[in-house]
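Using the working numbering, read the sequence shown as starting at 56 and increasing by one per residue.
Even for Gly, the Cβ is constructed at its ideal location relative to N, Cα and C.
Keep in mind it's a predicted model, so treat the numbers as computed, not measured.
This report concerns only the one structure given below.
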Amino acid sequence: MESTTLSNPPPARPKQPLVNRLGFFLLGGVGSTLLNKNILAATQHFWGWPVVAGYAFSAASTAVVFFLWSYFINFRTSRVWKNCLGRYIACVLLALLMNYLIGVCGLKRFGSAGLIGYLVIGCVQSFTGGIKFLLYHFWVFPYADAPAKEPAAVSS
Numbered sequence: 056m057e058s059t060t061l062s063n064p065p066p067a068r069p070k071q072p073l074v075n076r077l078g079f080f081l082l083g084g085v086g087s088t089l090l091n092k093n094i095l096a097a098t099q100h101f102w103g104w105p106v107v108a109g110y111a112f113s114a115a116s117t118a119v120v121f122f123l124w125s126y127f128i129n130f131r132t133s134r135v136w137k138n139c140l141g142r143y144i145a146c147v148l149l150a151l152l153m154n155y156l157i158g159v160c161g162l163k164r165f166g167s168a169g170l171i172g173y174l175v176i177g178c179v180q181s182f183t184g185g186i187k188f189l190l191y192h193f194w195v196f197p198y199a200d201a202p203a204k205e206p207a208a209v210s211s
């Protein structure tokens with residue numbers, strides 16, 4: 056049985072084409088909009104929370120669920136979890152802050168009931184999702200590590 060050493064890393068996962076990443080991202084966006092709106096509706100209906108608290112809870116819950124989607128399905132990378140963690144946290148915090156501020160303003164302005172709630176949340180998710188897609192694709196979960204360069208030989 057062969058062991059993996061620093062000089063012999065495991066093979067990288069195959070690169071995922073941009074079209075696949077975009078397709079999975081759009082599918083995740085629809086799913087996150089539905090999940091986000093339904094969690095918001097549940098917090099208001101069952102617990103009587105105001106929009107501000109309910110949307111904070113629904114946005115945070117959706118972010119956790121869709122991290123797993125992004126890391127394991129959409130933006131597979133050969134980099135291990137710890138190498139992506141700092142970039143992911145920075146990106147998610149930025150997107151959550153934008154999502155929350157814009158979303159609460161929209162929900163307070165237009166309402167959160169019925170179809171209008173889905174439209175407001177869908178528009179906000181689309182805007183912040185586009186920003187997250189670009190950050191995830193180029194920075195958080197890049198395609199693959201750059202090939203290792205051989206050290207230059209020193210001539211004596």
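Option in A96, F121, A108 with minimal Cα separation from L81: Nearest option by C-alpha distance: F121.
Are L162 and G177 close, meaning C-beta to C-beta below 8 Å? Cβ distance not < 8 Å, so L162 and G177 don't count as in contact.
Should S181 go down as buried or exposed, given a rule of 16 or more other Cβ atoms within 10 Å for buried? Classification for S181: exposed.
Count the other CB atoms, across all protein chains shown, that sit within 10 Å of the CB of V147; report buried if there are 16 or more and exposed otherwise. Label assigned to V147: buried.
Starting from the Cα of A118, find the closest Cα among V106, K137, K92 and give me that residue. Out of V106, K137, K92, the CA that lies nearest to the CA of A118 is found in K92.
Alpha-carbon spacing of L89 relative to A145, whole angstroms: Computed Cα separation, rounded: 24 Å.
Using 8 Å as the threshold, is the C-beta distance between I94 and F112 below it? It is a contact, given that the beta carbons lie within the stated cut-off.
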